[in-house]
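Engineer:
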Amino acid sequence: MLVRVCSLLDLEDKKPRKFSINGIEVAIVRVGDKVFAIDAYCPHKGRNMEYGDVDGYKIRCDLHGYEYSLENGELVLNPYGKSSGWYFSSNLRIYKVEVKNKDIFIQI
Ligand code: FES
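Its first residue numbered 738, the sequence shown is counted upward by one per residue in this note's numbering.
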C-alpha cells in the first residue's frame, strides 16, 4: 500500500524527520534530490534515528556510531568490530519511496 507521508518541502536536507504512518514509525531523509525512508529506530539498541548524522547516502546513529546505508539498509560500519551479543546489529529496515509532485509516499 502506498501512503503519503509528507511534502518534500517539510524536509531539510540531511536532517532526518520522524513520522508515524498507520502505526509505523519511519524516518524520512532527504539528500539533495533523493529521498529515503527508514525505520525510525536503530536496529542496534533502538536509538531514534532522527538524531542520526547523514553523510552522503549513509546514516550514522549518534548513540554508538553504527552506520547504515540509506539505499539498502545494510550495516556498513560497526565501530567495535565485534558482532556478537551486545554488539550485534541487524540491517536497518528501509521502505520504498515514491515522490510525486513534491509529495512523498512510502510503500508499507
Ligand atoms: S543504538 Fe544505534 S548504534 Fe547503538
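Backbone N, C-alpha and C fix where the C-beta goes; we use that ideal spot for every residue, glycine too.
1) What I want to know is whether the C-beta of Lys755 ends up closer than 7 Å to one or more non-hydrogen atoms of ligand 1.
2) Looking only at C-alpha atoms, which of Arg830, Glu804, Val766 sits nearest to Asp747?
3) Going by the DSSP bridge assignment, what does Ala764 pair with across the sheet?
4) May I ask you to check if the CB of Tyr803 is nearer than 7 Å to at least one heavy atom of ligand 1?
5) Quick check: what's the CA-CA separation for Gly810 versus Asn838?
Structural biologist: Well, looking at it:
1) Lys755 Cβ: outside cutoff for every heavy atom of ligand 1.
2) Of the candidates Arg830, Glu804, Val766, Val766 places its Cα closest to the Cα of Asp747.
3) Note: Ala764 sits in a beta bridge opposite Lys755, Ile775.
4) Within the cutoff, so yes.
5) For Gly810 and Asn838, the distance between alpha carbons rounds to 26 Å.
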